[in-house]
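A short worksheet on the structure shown next.
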Amino acid sequence: MVFALNCAHQPEGEPLQDSGQSRGAAAPTEGRSGLILMLAGLCLFASTLTTLWSGSIVVPIAIAVALVVFGTYLLTLRAGLFTGASRRPRGGIAFFESDIAPVYVTDLGGRVLARNPSAGPAGFIERWLPDAGSVVYRMSREAETNGHASELSSDGRYSVSAWRSGPRALLWRVERTAPVAPPPPDFSHSAAPWFRIDDENHIISCNHAARELSGGEAETLDALLLDPPFQPGAIQVMERSGRAVRSFPLDDAEGLRDVLMIPLESTEVSGLAPDHFLEELPVALARLRGDGVLTFANRAARALLGAAAQPDKNITELIEGLGRSISERLQDTLKGRALGRSEVARGRVAGHEIFLQVAFTRTVHEGAQSILAVMSDATELKTLEAQFVQSQKMQAVGQLAGGVAHDFNNLLTAINGHCDLLLMRHDVADVEHGDLMQIRQNANRAAALVRQLLAFSRKQTLRPTIVNLQDTLSELTHLLNRLLSEKVTLRIDNGPDLLPVRVDERQLEQVIMNLVVNARDAMPRGGEVRITTRNVHLDEDLHRDRAVVFKGEYVVIEVADSGNGIPEDKLHKIFEPFYTTKQVGEGTGLGLSTAYGIIKQTGGFIFVESPPGSGAIFTIYLPAYETSGEAPALPPPEPEIRQPRDLTGRGLVLLVEDEDPVRSFAARALQLRGYTVIEAASGEEALETLSDDDLHVDIMLSDVIMPGLDGPAWVREARKKRPDVKVIFMSGYAEEAFAGDGGIPDAAFLPKPFTLPELTQKVKDTLEQA
1 MVFALNCAHQ PEGEPLQDSG QSRGAAAPTE GRSGLILMLA GLCLFASTLT
51 TLWSGSIVVP IAIAVALVVF GTYLLTLRAG LFTGASRRPR GGIAFFESDI
101 APVYVTDLGG RVLARNPSAG PAGFIERWLP DAGSVVYRMS REAETNGHAS
151 ELSSDGRYSV SAWRSGPRAL LWRVERTAPV APPPPDFSHS AAPWFRIDDE
201 NHIISCNHAA RELSGGEAET LDALLLDPPF QPGAIQVMER SGRAVRSFPL
251 DDAEGLRDVL MIPLESTEVS GLAPDHFLEE LPVALARLRG DGVLTFANRA
301 ARALLGAAAQ PDKNITELIE GLGRSISERL QDTLKGRALG RSEVARGRVA
351 GHEIFLQVAF TRTVHEGAQS ILAVMSDATE LKTLEAQFVQ SQKMQAVGQL
401 AGGVAHDFNN LLTAINGHCD LLLMRHDVAD VEHGDLMQIR QNANRAAALV
451 RQLLAFSRKQ TLRPTIVNLQ DTLSELTHLL NRLLSEKVTL RIDNGPDLLP
501 VRVDERQLEQ VIMNLVVNAR DAMPRGGEVR ITTRNVHLDE DLHRDRAVVF
551 KGEYVVIEVA DSGNGIPEDK LHKIFEPFYT TKQVGEGTGL GLSTAYGIIK
601 QTGGFIFVES PPGSGAIFTI YLPAYETSGE APALPPPEPE IRQPRDLTGR
651 GLVLLVEDED PVRSFAARAL QLRGYTVIEA ASGEEALETL SDDDLHVDIM
701 LSDVIMPGLD GPAWVREARK KRPDVKVIFM SGYAEEAFAG DGGIPDAAFL
751 PKPFTLPELT QKVKDTLEQA
């Protein structure tokens with residue numbers, strides 16, 4: 001700033017003149033001229049005496065020399081005045097000298113460099129503030145840091161303000177805060193750019209210098225700035241001229257403010273924010289030109305963006321926007337739109353994909369417009385977001401699969417049931433018997449597919465038993481070897497003293513077979529499948545992938561192959577239903593999703609890892625079964641449903657089912673076995689039927705999911721008056737899906753789809769229970 005540089009030469013205790021440079025040049029001229037005048041006078045006196053004494057020709061010569069010397073003095077003085085006038089600065093001096101308030105310029109240590117006429121010939125702000133020493137120190141530090149500081153005197157009569165004026169100088173102004181103030185100074189003809197604004201920064205008037213600086217007309221001061229809003233005392237940039245200015249607001253008694261905007265030189269602006277300060281900040285910062293070319297990137301930015309973040313590198317070559325392009329965002333920033341708004345961008349560092357939160361804002365560097373980019377690493381955030389979206393998707397697909405499976409189970413129950421009814425009337429010799437068997441077999445295949453969907457949604461019916469994995473794998477080895485080709489070998493390594501686990505053994509076998517088949521398909525040229533089991537004790541929770549394995553005792557099963565592995569971009573999708581990496585027709589995509597559902601429903605965890613070129617490793621954590629030191633008791637053998645005993649019986653059955661085909665089949669099946677059946681299509685209809693106190697019901701057979709009152713709800717209401725009536729629930733979901741309802745602990749459960757023998761046997765067994 002010209003004003004600050006000129007003030008640095010002004011001696012203490014003298015009013016500021018036009019230019020320190022002109023005064024510095026004029027002072028020696030005046031000293032030399034005085035000496036010449038004295039010499040000329042002596043020469044004239046000496047020549048006069050000589051003339052009177054001797055009448056010599058020396059007299060004219062002496063007079064001529066004196067005239068020449070005197071003329072030289074006048075010319076020198078005139079030249080000095082013109083030189084000073086030609087170097088008179090615009091703006092700063094006029095503001096400084098015309099201000100009616102005392103104004104000082106000091107260095108950062110408080111030494112007065114210059115003062116205006118209103119400040120008086122000597123002294124500083126101690127005339128208005130008694131404790132001036134501490135106030136000057138405190139305000140100097142604040143102004144140096146924030147650009148502006150102000151304080152009131154103890155009696156509230158004076159306000160002292162300080163502004164930073166260049167890298168090494170402070171401007172001080174003392175204002176009287178009394179209600180009656182002298183008329184404001186007239187800046188309309190000042191060489192300094194001057195605006196008069198109201199409380200909302202609307203421009204009331206301005207002078208010619210202000211119009212030249214702003215480059216046009218505007219209603220508000222904010223509209224003239226490249227980086228609004230207007231901030232008193234701050235360095236800001238004019239929109240049209242691009243000049244950096246510092247504002248000096250002067251309060252007016254009428255509620256208006258006079259604002260002087262002093263243009264700054266580029267050296268003064270750059271000195272206020274040195275790059276070495278930005279270099280040490282722990283925040284990633286980069287300075288860009290308007291076209292996106294890097295001019296500076298601090299250490300944190302280089303660590304984030306990698307070695308490519310060098311000057312003259314365009315930011316668009318380093319990162320790309322996920323929504324809008326980076327070039328579009330830069331243009332919006334230059335136009336003042338979306339300043340400081342953070343958006344996610346993607347980049348690559350050392351071959352790895354990273355995500356960044358990037359915000360752009362306008363700034364000024366060396367007197368020119370530039371863009372400041374503030375960045376932070378968002379890779380972990382995006383990873384967590386992707387994992388959350390994936391888990392939500394898996395949950396949604398699971399709910400959809402469960403709902404579809406439930407409806408299919410109702411259809412399959414009706415198909416299987418009526419097929420059984422037809423088979424009862426046709427022996428093997430009948431022509432229709434073969435057709436009916438085909439219907440039954442395909443219905444069973446459909447039922448198996450539905451069980452896979454329910455397994456993924458963790459709503460299938462499990463029959464857990466206490467299992468020793470070593471025995472299970474030993475029995476399964478022969479079947480696994482038959483599944484493998486001649487080029488693939490199987491190796492099983494069991495750890496010592498494996499703890500027992502509580503699982504559905506048939507379902508666990510299905511999981512292992514599915515993993516082994518997948519391993520075989522991943523090695524078309526042959527290889528080895530390894531199944532390893534061991535006990536694992538976790539002293540603390542294990543955080544892996546998206547799951548948390550709680551501390552405790554586990555039995556781990558690992559199934560590994562020596563194939564090419566699973567690509568990283570497909571690794572997180574393999575447990576999704578209907579997702580497969582096999583060719584069309586070679587797989588349904590339900591194998592791994594079924595395995596996932598079975599293990600999760602059992603209470604375990606399944607993980608996959610695939611080091612590049614090293615095959616895939618599936619790891620299953622099953623909670624160890626807690627015993628009291630005794631060997632676990634073997635489960636009682638399940639009754640053979642396909643070869644039942646006499647299933648005829650007697651009793652009154654209340655059958656509640658909202659699906660007409662299922663209800664029709666169940667009613668006919670029970671009637672054929674000797675039972676009396678009363679049908680109801682809803683829970684409300686069932687309660688109305690039971691309102692007859694003379695009706696003696698032996699057993700209530702109800703669906704679980706129904707419109708209106710569901711099965712558990714109406715049964716709880718019915719048992720208030722009939723607490724001893726037996727109850728069987730039917731559902732396409734697993735028993736655990738509604739076990740939380742509570743209130744009916746002794747109810748039996750019949751999973752759908754069921755056959756005629758399964759239905760009649762469940763009813764007879766329940767009635768015979770004590």
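Position one of the sequence shown corresponds to residue 1 (the numbering used here), numbered consecutively onward. Ideal placement from N, C-alpha and C gives every residue a C-beta, glycine not left out.
Q.
Could you compute how far the alpha carbon of P167 sits from the alpha carbon of D312?
A. 28 Å
Practice task
Identify every residue that forms a DSSP beta bridge with I492.
Solution key: I531
- Item | Continuous alpha helix (DSSP H) assignments of at least 4 residues falling wholly in the region 145 to 217 | 208 to 214
- request: Quick one: grab the DSSP three-state call for V536.
  value: strand
Open item on the list: As an exercise, report each continuous beta strand (DSSP E) stretch of at least 3 residues that is fully enclosed by the region 319 to 358, in chain order.
Closed with: 319 to 321, 342 to 349
| request: Counting only runs of 3+ residues fully inside the region 107 to 134, write out the beta strand (DSSP E) ranges in chain order. | output: 112 to 115
Is it right to say K720 is buried, meaning 16 or more other beta carbons lie within 10 angstroms of its own, or is it exposed?
exposed
| task | Measure the C-alpha to C-alpha separation of Q236 and V358 and round it to an integer number of angstroms. | result | 23 Å
Under 8 Å, with one C-beta from each stretch per pair, do the region 462 to 477 and the region 489 to 509 reach the 3-pair mark? yes
- Task: Between the Cα of F618 and those of V608, E626, L480, V103, spot the shortest distance and give me the residue it belongs to.
- Result: V608
Item to complete: Go to D703, then tell me how far its beta strand (DSSP E) extends in each direction, as first and last residue.
Response: 699 to 703
Cβ atoms of D99 and A169: under 8 Å apart, would you say?
no
Which residue's Cα is closest to the Cα of L322: R668, F355, V364? F355
field: Where K570 sits in the DSSP three-state scheme
entry: helix
In the DSSP assignment, find the unbroken alpha helix (DSSP H) run with L304 in it and report its ends.
299 to 305
Helix, strand or coil at F729 [DSSP, three-state]
strand
Please list the terminal residues of the continuous alpha helix (DSSP H) segment that includes F665. 660 to 672
Are A345 and E320 closer than 8 Å when you measure CB to CB?
-> yes
Next item on the list: Compare the C-alpha of K335 against each of N298, D746, E265, L224 and name the closest.
Entry: L224
Quiz item: Does DSSP put M513 in a helix, a strand or coil?
Solution: helix
According to the neighbour-count rule (16 or more other Cβ atoms, all chains shown, within 10 Å of its Cβ), is R663 buried or exposed?
buried
Cα-Cα separation, Q671 to A547
50 Å
Residues in the same chain with beta-carbon distance under 6 Å from H148, minus the five sequence neighbours each way, listed in chain order, please. W163, G233
field: Local conformation of I744 per DSSP, three classes
entry: coil
The region 504 to 516 touching the region 549 to 556, judged by at least three CB pairs closer than 8 Å
no
### Query
Taking the Cβ atom as the reference point for each residue, do L469 and V516 lie within a distance shorter than 8 Å?
no
### Task
State the Cα-Cα distance for the pair P723 and A713, rounded to the nearest angstrom.
14 Å
Margin query: Quick check: what's the CA-CA separation for E685 versus T533?
Written below: 54 Å
| message | In whole angstroms, give me the CA-to-CA distance for S150 and D541. | response | 58 Å
Practice task
Determine the direct distance from the alpha carbon of L285 to that of Y137, and round the result to whole angstroms.
Solution key: 32 Å
For T465, the three-state DSSP class (helix, strand or coil)
strand
Going by DSSP, which residues form a beta bridge with G552?
L538
Rounded Cβ spacing between I705 and I728 (contact assumed at less than 8 Å): Wrong, their Cβ atoms sit about 15 Å apart, outside the cutoff.
With distances taken from CA atoms, which of L622, T594, L339 is nearest V549?
-> L622
Please classify D765: does DSSP put it in a helix, a strand, or coil?
helix
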